[in-house]
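S.K.:
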Amino acid sequence: MSLSSSDDRFAAFRHPAYTKFFLARFLAAFATQIVSVSVGWQMYEVTGNALYLGLIGLVQFLPALLLILVTGTVADRFNRRRIVAICLGVAVGCVGGLLLLTIENAFSPVPVLVILTFIGVERAFMGPAVSSLAPNLVPEKDLANSFAWNASSWQTASILGPVAGGLLYGVGAVTAYSVALAFMLAAAILVLLVPKPVQRTVSEPKTLSYILAGFGFIRKETVVLGAISLDLFAVLLGGAVALMPIYASDILHMGPLGLGILRSAPGIGAIAMATFLATFPIRHKAGVTMFVGVAIFGLATLAFGLSTVWWVSALALAVMGAGDMISVYVRETLLALWTPDEVRGRVNAVNSVFVGASNELGEFRAGTMAHIFGPVAAVVIGGVGTLCVSVVWAMAFPKLRKIDSLDSADQTTS
């Protein structure tokens, strides 16, 4: 007796192209986490200044913002698989640059921030391309399942990567960057092995209205606008990742391995939730469930900010990751279902800026506030802000709140 797509936990992996894509995304994310832990700890070790931790996030976000009118158009106009491969190739060069700086004992803020800016550029182009490529690799009936596994791929890397980064950095920064370089190279090769998928395009002139189509679609479609703006403001206010080196070093006294544990904790909660959602997908009240997930994220952020016990902090971060995963699962599925493929790249470019703002710009907010008010105040204020956002958005976007099923678009509760 065959399983229906909705009951088949591994439905997405029945498609070989998706399997290669999944492995590539996992390896790239794993390498990214190793680099993130290593750069953050090394920067704080060299400078002792929280502001530089904020700048790490800022320089990786600004390219996505400045190139937003270009990256989405490129993803809709050109081969998305090739774009992803080129971006991973640039990432290989950037990680190699960090490795070289470390070997030459030349690690300092200016060259490192320049390299991270190039990483920001490649992420700006890869974000829309990789988000738009995934729905081309599986049929619509398997989309929700693929997004649950996509999230699992990232979150598994978020568990293993930081711990590996902490352990490898304990051996030596050269070792950490070398392993990250090998993983990133393997990811680039795997993407090249993905067969070129069918990609819908429209033969319309590349006018200003064409370039701005992503903005126009999001502005008109309140479900999409509400979902991605919710993530923007919730994580922008609630993000505490940039301050983990300070917590691990000065508040919880855990060292590099402790930083890896803290960085892994949200991933542990998220992968547990993603696995649960892949097995027991959200059948009803998806909109309400997303807002609940954001509220859980805010409460857990608040608990992390106030904790001075390492295991309480790790538990709070795990709950934070689980809450965020609920929101990500619903948002990404809605974005795929409600967006036509011919405009998907431009819409995902805008979404990538929103996600980038919520993460990298959120790190800048946290680092700047920590520099002025202290790390605890920065995290606590952010947690309270996230709770407020979940309530305000639930009232401001009733259509999003009333979304019932994630099986197809236009399913709302009465």
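Going by the working numbering, the first residue of the sequence shown is number 80, and it counts up by one from there.
Yeah, the Cβ is synthetic: ideal placement off N, Cα and C, and Gly gets one too.
A quick note: this is a predicted structure, and the numbers were derived from the prediction, not measured.
Jot down the residue ranges of each uninterrupted alpha helix (DSSP H) in the region 346 to 395, minimum 4 residues, whole runs only, in chain order.
M.R.: 365 to 385, all fully within the region 346 to 395.
S.K.: Touching or not, the region 455 to 468 and the region 316 to 336, by the rule of three or more beta carbon pairs under 8 Å?
M.R.: A contact exists between the region 455 to 468 and the region 316 to 336.
S.K.: By DSSP, does PRO284 sit in helix, in strand, or in coil?
M.R.: Walking along the sequence shown from the start, residue 284 turns up at place 205. Confidence is the limiting factor: at PRO284 the pLDDT is only 49, short of 50, which leaves the residue's position unreliable and the question unanswerable from this model.
S.K.: Just to confirm my understanding: we take THR150, look at its own chain, exclude 5 residues before and 5 after, and list those with CB closer than 6 Å. What are they?
M.R.: As a working mapping, residue 150 is identified with position 71 in the sequence shown. So the qualifying residues of the chain are ALA203, PHE204, PRO207, ALA428.
S.K.: Would you check if there are 3 or more beta carbon pairs closer than 8 Å linking the region 130 to 139 to the region 216 to 233?
M.R.: Contact between the region 130 to 139 and the region 216 to 233 is absent, because fewer than three Cβ pairs lie under 8 Å.
S.K.: Apart from the five residues on each side of it in sequence, which residues of its chain come closer than 6 Å, Cβ to Cβ, to THR447?
M.R.: Sequence index remark: in the sequence shown, residue 447 carries index 368 (1-based). Here the set comprises GLY133.
S.K.: Looking at the unbroken alpha helix (DSSP H) that takes in LEU183, where does it start and where does it end?
M.R.: Translated into the one-based positions of the sequence shown, residue 183 becomes position 104. Note that residue 183 is Glu in the sequence shown, not Leu. Neither: GLU183 is in no alpha helix (DSSP H) and is coded neither H nor E.
S.K.: Determine the burial state of ALA357: buried for a count of at least 16 other Cβ atoms within 10 Å of its Cβ, exposed for fewer.
M.R.: Here residue 357 refers to the residue found at position 278 when the sequence shown is read from its first residue. Classification of ALA357: buried, given that the 10 Å Cβ count is 16 or more.
S.K.: Distance, Cα to Cα, LEU179 vs LEU322?
M.R.: One-based indexing of the sequence shown puts residue 179 at position 100. One-based indexing of the sequence shown puts residue 322 at position 243. If you take the alpha carbons of LEU179 and LEU322, they lie about 26 Å apart.
S.K.: Rounded to a whole number of angstroms, what is the C-alpha to C-alpha distance between LEU271 and MET263?
M.R.: What you label residue 271 is simply residue 192 of the sequence shown in a count that begins at 1. What you label residue 263 is simply residue 184 of the sequence shown in a count that begins at 1. Each residue's alpha carbon lies about 13 Å from the other.
S.K.: Count the other CB atoms within 10 Å of the CB of ALA129; is the residue buried (16 or more) or exposed (fewer)?
M.R.: Along the sequence shown, one-based indexing puts residue 129 at 50. Buried: at least 16 other Cβ atoms inside 10 Å.
S.K.: Could you spell out the range, first to last residue, of the alpha helix (DSSP H) harbouring GLU300?
M.R.: Along the sequence shown, one-based indexing puts residue 300 at 221. No alpha helix (DSSP H) contains GLU300, which DSSP labels as neither H nor E.
S.K.: Could you name the residues of the same chain whose beta carbon sits closer than 6 Å to that of VAL455, not counting the 5 residues immediately before and after it, in chain order?
M.R.: Counting from one through the sequence shown, the residue named residue 455 turns up at place 376. Counting only Cβ-Cβ distances below 6 Å, and skipping sequence neighbours, we find GLY384.
S.K.: Could you tell me the alpha carbon to alpha carbon distance between ARG480 and ALA473, rounded to whole angstroms?
M.R.: The count along the sequence shown starts at 1 and reaches residue 480 at position 401. The count along the sequence shown starts at 1 and reaches residue 473 at position 394. Each residue's Cα considered, the two are about 6 Å apart.
S.K.: For LEU106, which residues in the same chain have their Cβ closer than 6 Å to its Cβ, ignoring the five residues on either side in sequence?
M.R.: For this step, residue 106 is matched to residue 27 along the sequence shown. Contacts found: PHE262, ALA265, ALA266.
S.K.: What separation, rounded to the nearest whole angstrom, lies between the Cα atoms of LEU340 and THR235?
M.R.: Numbered from its first residue, the sequence shown carries residue 340 at position 261. Numbered from its first residue, the sequence shown carries residue 235 at position 156. Note that residue 340 is Ile in the sequence shown, not Leu. Taking the straight line from one Cα to the other gives about 13 Å.
S.K.: Tell me whether the beta-carbon of VAL409 lies closer than 8 Å to the beta-carbon of THR354.
M.R.: Taking the first residue of the sequence shown as 1, we reach residue 409 at position 330. Taking the first residue of the sequence shown as 1, we reach residue 354 at position 275. Taking 8 Å as the Cβ cut-off, VAL409 and THR354 do not qualify as a contacting pair.
S.K.: Given this structure, state the Cα-to-Cα distance separating PHE312 from VAL468, to the nearest angstrom.
M.R.: For the purposes of this step, residue 312 is identified with residue 233 of the sequence shown, where counting begins at 1. For the purposes of this step, residue 468 is identified with residue 389 of the sequence shown, where counting begins at 1. Distance between the alpha carbons of PHE312 and VAL468 is about 7 Å.
S.K.: Can you name, in chain order, every residue of its own chain whose Cβ lies under 7 Å from the Cβ of TRP120, other than the five neighbours on each side?
M.R.: Here residue 120 is taken as the residue at index 41 of the sequence shown, counted from 1. TYR248, PRO324, PRO335, LEU338.
S.K.: For PRO284, I'd like the list of residues in its chain whose CB is within less than 6 Å of its CB, leaving aside the five on either flank, ordered along the chain.
M.R.: Start at 1 with the first residue of the sequence shown, and residue 284 comes out as number 205. Unreliable placement is indicated for PRO284, whose pLDDT of 49 sits below 50; the coordinate value is still reported in the next sentence. Excluding sequence neighbours, PRO284 sits near nothing in its chain.
S.K.: DSSP on VAL458, reduced to helix/strand/coil?
M.R.: The residue labelled residue 458 in the question sits at position 379 within the sequence shown. Helix.
S.K.: Which term fits GLU183, buried or exposed, when burial requires 16 or more other beta carbons within 10 angstroms of its beta carbon?
M.R.: Stepping through the sequence shown from its first residue, residue 183 is reached at position 104. Classification of GLU183: exposed, given that the 10 Å Cβ count is below 16.
S.K.: Below 8 Å CB to CB, which residues in the same chain sit around LEU146 once its five sequence neighbours on both sides are set aside?
M.R.: Within the sequence shown, the letter at position 67 stands for residue 146. Cβ neighbours of LEU146 beyond the five flanking positions: VAL200, ALA203, PHE204.
S.K.: Residue range of the alpha helix (DSSP H) that ASP221 falls in?
M.R.: Within the sequence shown, numbered from 1, the residue matching residue 221 stands at position 142. Note, ASP221: premise wrong, no alpha helix (DSSP H); not H, not E.
S.K.: So which of ILE330, GLY295, VAL189 has the shortest CA-CA distance to THR126?
M.R.: Reading the sequence shown from its first residue, position 47 is the one you call residue 126. Among ILE330, GLY295, VAL189, the Cα nearest to that of THR126 belongs to VAL189.
S.K.: Taking VAL191 and LEU177 to be in contact with their CB atoms under 8 Å, please state how far apart those CB atoms are, rounded to whole angstroms.
M.R.: Locating residue 191 in the sequence shown gives position 112, counting from the first residue. Locating residue 177 in the sequence shown gives position 98, counting from the first residue. Between LEU177 and VAL191 the Cβ distance is about 7 Å, and since that is below 8 Å, they are a contact.
S.K.: Go through its chain and collect everything with a Cβ distance to VAL459's Cβ below 8 Å, but skip five positions before and after it.
M.R.: By 1-based counting over the sequence shown, the position of residue 459 is 380. The residues are LEU381, GLY384, LEU385.
S.K.: Would you mind sorting THR387 into buried or exposed? The rule is 16 or more other CB atoms within 10 Å of its CB.
M.R.: For this step, residue 387 is matched to residue 308 along the sequence shown. Classification for THR387: exposed.
S.K.: Determine the burial state of PHE101: buried for a count of at least 16 other Cβ atoms within 10 Å of its Cβ, exposed for fewer.
M.R.: Here the question's residue 101 lines up with position 22 in the sequence shown. PHE101 comes out buried.
S.K.: Out of THR418, LEU331, ALA259, point me to the one whose CA is closest to PHE296's CA.
M.R.: Walking along the sequence shown from the start, residue 296 turns up at place 217. Measuring from the Cα of PHE296, the nearest candidate turns out to be THR418.
S.K.: By alpha-carbon positions, which one of VAL116, ILE307, MET404 ends up nearest to LEU239?
M.R.: Position 160 of the sequence shown, counting from 1, holds the residue named residue 239. Nearest option by C-alpha distance: VAL116.
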